[in-house]
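Peer 1:
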Amino acid sequence: SLVSLVSHDPDCKKMMGLALKNVTLTLFEDGKDIFEEQGEMLFTHFGISGPLTLSASSHLGDMKKHKYHAEIDLKPALDEEQLYDRITRVMVARWGIAPATKANQITREQKRELVRLMKHWNVPIDARGDLAHAVITSGGVSVREVDPRTMQSKKALGLYFAGEVLDVDAYTGGYNLQIAFCTAQSFANHL
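Following the numbering used here from start to finish, the sequence shown increments by one per residue and tops out at 206.
#1: Are the beta-carbon atoms of residue 225 and residue 84 separated by less than 7 Å?
#2: Tell me, to the nearest whole angstrom, how far the beta carbon of residue 42 is from that of residue 49; I am working on the premise that it is less than 8 Å.
#3: Just to confirm the assignment, what range does the alpha helix (DSSP H) spanning residue 130 have?
#4: Compute the distance between the beta-carbons of residue 95 and residue 135, then report whether it is under 7 Å.
#5: Would you call the CB atoms of residue 55 and residue 62 closer than 7 Å?
#6: Which residues in the same chain as residue 76 place their Cβ atom closer than 7 Å to its Cβ, once the five residues preceding and following it in sequence are excluded?
#7: Leaving out five residues before and five after residue 36 in sequence, what residues of the same chain have Cβ atoms less than 7 Å from its Cβ?
#8: Could you give the C-beta distance for residue 167 and residue 202, rounded to a whole number, given that I count them as a contact under 8 Å?
#9: What three-state label does DSSP hand residue 204 in the structure shown?
#10: What beta strand (DSSP E) runs, 3 residues minimum, are completely inside the segment 24-70?
#11: Please state whether DSSP places residue 93 in a helix, a strand or coil.
#12: Just tell me which of 142, 130, 78, 122 has its CA closest to the CA of residue 101.
#13: Compare the beta carbon distance of residue 194 and residue 180 with 7 Å and say whether it is the shorter of the two.
#14: Can you give the Cα-Cα distance for residue 173 and residue 57, rounded to whole angstroms?
#15: Please state the DSSP three-state secondary structure of residue 100.
#16: Go to residue 160, then tell me how far its beta strand (DSSP E) extends in each direction, as first and last residue.
#17: Taking the alpha-carbon positions, what's the residue 154 to residue 99 distance?
#18: Give me, in chain order, the residues of the same chain whose beta-carbon lies closer than 8 Å to that of residue 206; leave out the 5 immediate sequence neighbours on both sides.
The structure is reproduced here in structure tokens:
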């Protein structure tokens, strides 16, 4: 299922409504990365959502057996050294440091911590979002029970299947619509 992800992290609630573009989201299962993609996402009142999050959610296993967290790279086009240089030259003035603080008074460690935060924004994942609000759900008629040429049931002649009634799903971005259109066209051609 493609669902939003719930996080009880207080920073998520503070970020509610913030939409991010051109970020990289990496999903970790027990510390091992299992999904990474660049695109758009947003912070919500319950955690994170948006196209990246929905795609990542399809990689979640049993949440009782595994621990999950996401990392967001807010500046994926820059490596850590490039970002450190840019912060040193440009961002320090806008960082929230006291205005009287000169750039050379900010410690190397403080700038490194800001870089780490921007490249590895950690979001603990506590649960899947509500299935009632899922974009795509898994399940349905097994494709093994359907003739792929005609979409006719192998068990009940004259019965045809198409779209989301079949046990197929894909990432967001029109792929599920394409599956629906193609399977409908296939059975329509064989009625």
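Glycine residues also receive a C-beta, built at the ideal position from the N, C-alpha and C atoms.
Peer 2: With the given structure in hand:
#1: Here the chain has residues from 16 to 206 only, and residue 225 is not among them.
#2: Within the sequence shown, the letter at position 27 stands for residue 42. Within the sequence shown, the letter at position 34 stands for residue 49. In this structure, residue 42 and residue 49 form a Cβ contact; the two beta carbons are roughly 6 Å apart against a cut-off of 8 Å.
#3: What you label residue 130 is simply residue 115 of the sequence shown in a count that begins at 1. Secondary structure note for residue 130: its alpha helix (DSSP H) is the uninterrupted segment 123-134.
#4: Locating residue 95 in the sequence shown gives position 80, counting from the first residue. Locating residue 135 in the sequence shown gives position 120, counting from the first residue. In this structure, residue 135 does not lie closer than 7 Å to residue 95 by Cβ.
#5: The residue you call residue 55 lines up with position 40 of the sequence shown. The residue you call residue 62 lines up with position 47 of the sequence shown. In this structure, residue 62 does not lie closer than 7 Å to residue 55 by Cβ.
#6: What you label residue 76 is simply residue 61 of the sequence shown in a count that begins at 1. In its chain, beyond the 5 residues on either side, 44 have a beta carbon closer than 7 Å to the beta carbon of residue 76.
#7: For this step, residue 36 is matched to residue 21 along the sequence shown. Here the set comprises 55.
#8: Residue numbering aside, residue 167 sits at position 152 when the sequence shown is read from its first letter. Residue numbering aside, residue 202 sits at position 187 when the sequence shown is read from its first letter. Going by Cβ atoms, the distance from residue 167 to residue 202 rounds to 7 Å, so yes, they are a contact pair.
#9: Position 189 of the sequence shown holds residue 204. DSSP places residue 204 in coil when its eight states are reduced to three.
#10: Within the segment 24-70, the runs of beta strand (DSSP E) at least 3 residues long that lie entirely inside it are, in chain order, 34-44, 47-58, 62-64.
#11: Reading the sequence shown from its first residue, position 78 is the one you call residue 93. DSSP places residue 93 in coil when its eight states are reduced to three.
#12: To locate residue 101, count along the sequence shown from 1; it is residue 86. If we check each option's Cα against that of residue 101, 130 comes out closest.
#13: Position 179 of the sequence shown, counted from the first residue, corresponds to residue 194. Position 165 of the sequence shown, counted from the first residue, corresponds to residue 180. Not in contact: residue 194 and residue 180 (Cβ atoms no closer than 7 Å).
#14: In the sequence shown, counting from the first residue as 1, residue 173 sits at position 158. In the sequence shown, counting from the first residue as 1, residue 57 sits at position 42. Answer to the nearest angstrom: the Cα atoms are 45 Å apart.
#15: To locate residue 100, count along the sequence shown from 1; it is residue 85. Residue state, collapsed to three classes: helix.
#16: One-based indexing of the sequence shown puts residue 160 at position 145. No beta strand (DSSP E) holds residue 160; DSSP gives it neither H nor E.
#17: By 1-based counting over the sequence shown, the position of residue 154 is 139. By 1-based counting over the sequence shown, the position of residue 99 is 84. Rounded to whole angstroms, residue 154 to residue 99 spans 46 Å at the Cα level.
#18: Your numbering for residue 206 matches position 191 in the sequence shown. Result list for residue 206: 175, in chain order.
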